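A.B. asks:
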Amino acid sequence: MTARSRNDEEKARRREALLNAAQYVFYDKGFERTSMDDIANQAGFSRTLLYVYFKDKKDIYRSLRIRSVEALRDRMRNHVDIEARGITRVRQVGEAFYDFYKNGKDLFDCLSLDITLNNQQATLKHDAKHDPDSLAVEKEIMKICVESILAGIEDGSVDATRVSDPLQTAMFMRGALHGVILLQDEGGSALLENKDIDNQALIDYTLDMICDAIRLR
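Numbering (the numbering used here), first residue to last: 1 to 217.
(1) Going by the CB atoms, is the gap between A170 and V239 shorter than 7 Å?
(2) Using the Cα positions of H126 and Q92, report the straight-line distance between them to the nearest angstrom.
(3) Between the stretch 79-98 and the stretch 149-157, can you find at least three pairs of beta-carbon atoms closer than 8 Å?
(4) Roughly how many angstroms lie between the CA atoms of D196 and S189, to the nearest whole one?
(5) Report the residue from A43, Y101, R73, R77 whose alpha carbon sits nearest the alpha carbon of I203.
(6) Taking the straight line between their C-alpha atoms, what separation do you get for L192 and L207?
(7) Measure from the alpha carbon of L19 to the alpha carbon of each residue in N7, D8, M36, R6, then state which is nearest.
(8) Assuming L107 contacts A71 under a Cβ cut-off of 8 Å, what Cβ separation, rounded to an integer in Å, is found between them?
(9) Is the beta carbon of S68 less than 7 Å from the beta carbon of L111?
(10) Among all the DSSP beta bridges, which residues are the ones paired with V158?
(11) Alpha carbons only, please: which of S46, K58, A40, R15 is nearest the one belonging to E32?
(12) With burial defined as no fewer than 16 other Cβ atoms inside 10 Å of the residue's Cβ, what is the status of V52: buried or exposed?
(13) Put D165 into one of helix, strand or coil per three-state DSSP.
(14) Please report the Cβ distance between A21 and Q42, rounded to the nearest whole angstrom; I am assuming they are in contact, meaning their Cβ atoms lie under 8 Å.
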């Protein structure tokens with residue numbers, strides 16, 4: 001390994017450490033009350049080094065968002081079999097999303113953090129919605145979902161009369177599953193523990209309901 005490649009790896013590790021620290025502090029204190037010093041201290045680096053990687057808090061926030069949506073996109077790409085029947089691909093999209101939560105919870109939490117911060121900060125909401133890089137990745141994610149639905153319509157496994165707008169259906173799928181995941185999370189409803197509801201069974205039921213809603217019978 002060359003000195004340059006080692007230097008690049010070290011830079012990448014530092015950047016990840018700073019992003020992880022920022023995510024933690026944003027959750028703990030909120031975006032508005034978090035300072036660049038707070039993030040640098042949490043990461044164990046100097047404030048000066050933090051500014052080498054990010055120009056301000058909004059830049060950090062943007063980078064966190066892009067990191068999370070890219071990870072979700074890659075998870076879906078790896079999980080969905082484009083040779084499978086459409087309805088199978090629809091379920092695989094949902095399974096990939098849940099796998100993203102189980103095996104990349106910090107990144108999944110970042111998506112939820114994004115929603116929380118957007119609701120709190122009007123300026124962040126505008127920036128996030130119109131940031132070209134994160135928006136481009138979001139479009140790729142929804143494209144995977146939409147193409148699965150369209151494949152099902154074409155191969156006869158999805159009922160075309162149940163899908164007036166494939167993008168709308170894809171948004172429903174993602175929103176429904178995201179909501180259930182949050183509900184069964186350790187920070188979600190205590191009712192699940194009181195009623196001894198199995199988390200995996202709840203996710204499987206949700207995926208069954210989503211698929212059954214558009215499956216051609």
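Glycine residues also receive a C-beta, built at the ideal position from the N, C-alpha and C atoms. Everything numeric in this text was worked out from a predicted model, so none of it was measured.
C.D. replies: On the basis of the coordinates in this document:
(1) Only positions 1 to 217 of the chain appear in this structure, which leaves residue 239 out of reach.
(2) Its pLDDT being 47, under 50, H126 is placed unreliably in this model, and the value from its coordinates should be taken loosely. Their Cα atoms are separated by approximately 32 Å.
(3) yes
(4) 12 Å
(5) Y101
(6) 18 Å
(7) M36
(8) 5 Å
(9) yes
(10) R215
(11) K58
(12) exposed
(13) coil
(14) 4 Å
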